[in-house]
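Contents: one structure, followed by commentary.
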Amino acid sequence: MIPRILTSWLAQPLTPTQHAPPLESAHLILNGPVGRHTRFSDHEVTFYGGTNYLGLANHPLTRMAAGYAALKYGTSVAASRITTGTAKPHIMLERSLALYMGTKDAVICGSGGDANRILLNGITNFNDVVFCEQTAHPTLLESVPKNIRTQFFSQDDLTDLEHQLQGIDHGLILINGVNALTGRIAPLDQLYQLMRQRPGLRLVVDDCHGVFVLGLRGKGTVEHFGIRSDQVFQTGTMSKALGSFGGFIAGSKELCQQLRDTTTYRASTPLPPPVAAASIASIALLLSRGSDLRRALLHNAKYLATRLNDLGFETTFYGTPILSIKPPQDVDAKKLSDDLLREGIYLPFIRYPHKDSPGQLRLALSAAHLQEDIDALCDQLVQACNRHREQSAAIQTI
Ligand SMILES: Cc1ncc(COP(=O)(O)O)c(C=O)c1O
295 MIPRILTSWL
305 AQPLTPTQHA
315 PPLESAHLIL
325 NGPVGRHTRF
335 SDHEVTFYGG
345 TNYLGLANHP
355 LTRMAAGYAA
365 LKYGTSVAAS
375 RITTGTAKPH
385 IMLERSLALY
395 MGTKDAVICG
405 SGGDANRILL
415 NGITNFNDVV
425 FCEQTAHPTL
435 LESVPKNIRT
445 QFFSQDDLTD
455 LEHQLQGIDH
465 GLILINGVNA
475 LTGRIAPLDQ
485 LYQLMRQRPG
495 LRLVVDDCHG
505 VFVLGLRGKG
515 TVEHFGIRSD
525 QVFQTGTMSK
535 ALGSFGGFIA
545 GSKELCQQLR
555 DTTTYRASTP
565 LPPPVAAASI
575 ASIALLLSRG
585 SDLRRALLHN
595 AKYLATRLND
605 LGFETTFYGT
615 PILSIKPPQD
625 VDAKKLSDDL
635 LREGIYLPFI
645 RYPHKDSPGQ
655 LRLALSAAHL
665 QEDIDALCDQ
675 LVQACNRHRE
685 QSAAIQTI
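Just so you know, we're using this note's numbering here: the sequence shown kicks off at 295 and counts up by one.
Dropping the structure here:
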């Protein structure tokens, strides 16, 4: 029996008086699951935010798995790994990830950010120099252990990196497999060539946007480039394409044991069992339907990019589900995003990586979107731009 207070709380409408303006993107409050559509307060939108790339965050099987595990195990194991914090769903999830990634073992962590921290704490040696790509995700850069020398490079200038690497015997190169803002894929093939000549170097790929999306079997950016090497490490999240939560590192038995020995891993409570169960269900779905979902996803992204370019919008398709759109010069991107929201389309305007960045329109496609959604997005974008131009022209004639 669910107490009445909870059901009535969940059913309560989120009115503007309770939560500041519902149609201002900075104040949006989700009021339903994220899928092809979602609800912000009481406003239904076609959803191009988030990173539910394969539509699994709202899949009946993942929801059922989470519900079943909540009934069987409760909502938390309430203990860290050092004591009694390991439950069957954790073991099953680590096995499922290893099976999916084709590795001997896998370690699960509290988040993708934690996976970066646990990996870097586990493998960095005191005499390493870290070379961090300048647009790397903050959780990757901030995971470098203190007192380790850190230098920066740009993936657009690998000659500079080559210069920086001269005379370096031990080091780590850190990079995102897929850029979170532009969708661009990192040149791992070129980085790998640089490293092969220097056995003391290792490459760490934060592949939170690439894993389960790229590669023949969906193992991510490293597989996309056909790289297999124990000099290359990959971290992933389960909160994006897997539609669940938590981070992971898949690798050899030795690597995973080394990571399980880190304090962060040992002393933290692992994922809630319902969350672990949802991830297991997602992996099972991907093992049977993954290539269809990935194909649908990338088809959607390519279709949108082609239509946008035909309509004269500046956008680039890198073969990933993330697209950034540059509106025409005379149209304000933030206003365009707010205008589309009123028309029932959520196309986020993002200031990244910090709140004072200039900002841009950045959207994430999902395999759950239909062609009619994408056509409607394009039509609405054109109409919104025209409205903005008419308004500006009217103001100028006053
Ligand atoms: C590139 C990248 N790395 C790491 C993370 C962190 O993953 P999580 O949200 O699972 O902590 C994110 C999340 O947005 C990300 O975009």
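By construction, the Cβ of each residue, glycine as well, lies at the ideal position given by its N, Cα and C atoms.
Outcome for residue 436 when other beta-carbon atoms lying within 10 angstroms are tallied against a minimum of 16: Of the other Cβ atoms in all chains shown, fewer than 16 fall within 10 Å of the Cβ of residue 436; this residue is therefore exposed.
Contact under 8 Å by Cβ, residue 483 with residue 529: No, the pair does not count as a contact, with Cβ atoms beyond the cut-off.
Euclidean distance between Cα positions of residue 560 and residue 430: Using only the alpha carbons, I get a separation of about 27 Å.
For residue 548, the three-state DSSP class (helix, strand or coil): Correct three-state label for residue 548: helix.
Local conformation of residue 363 per DSSP, three classes: Correct three-state label for residue 363: helix.
Residues bridged to residue 371 [DSSP beta-bridge criterion]: Partner(s): none; residue 371 has no beta bridge.
Check whether residue 477 and residue 340 have beta carbons under 8 Å apart: The Cβ atoms of residue 477 and residue 340 lie no closer than 8 Å to each other.
Three-state secondary structure assigned by DSSP to residue 658: Here residue 658 sits in strand by DSSP.
Member of 458, 459, 481 and 386 whose CA lies at the smallest distance from the CA of residue 469: Of the listed residues, the one whose Cα sits closest to residue 469 is 481.
Residue 383 classed as buried or exposed, judged by whether at least 16 other C-beta atoms fall within 10 angstroms: By the neighbour-count rule (16 or more Cβ atoms within 10 Å), residue 383 is buried.
As assigned by DSSP and simplified to three states, the class of residue 596: Reduced to three states, the DSSP call for residue 596 is helix.
Distance between residue 627 and residue 650 (C-alpha atoms, nearest Å): Using only the alpha carbons, I get a separation of about 15 Å.
Check whether residue 535 and residue 347 have beta carbons under 8 Å apart: In this structure, residue 535 lies near residue 347, with their beta-carbon atoms less than 8 Å apart.
Residue of 563, 633 and 524 minimising C-alpha distance to residue 376: The alpha carbon of residue 376 has as its nearest neighbour, out of 563, 633 and 524, the alpha carbon of 563.
Nearest-residue set for ligand 3, Cβ under 5 Å from any heavy atom: Ligand 3 is not part of the structure shown, which contains ligand 1 as its ligands.
Three-state secondary structure assigned by DSSP to residue 582: In this structure, residue 582 counts as helix in the three-state DSSP scheme.
In DSSP terms, what residue 528 is bridged to: Paired residues: 499.
Between the CA atoms of residue 523 and residue 428 - distance to the nearest angstrom: Answer to the nearest angstrom: the Cα atoms are 24 Å apart.
Test item: CB-CB of residue 670 and residue 359 under 8 Å: The answer is no: Cβ separation not under 8 Å.
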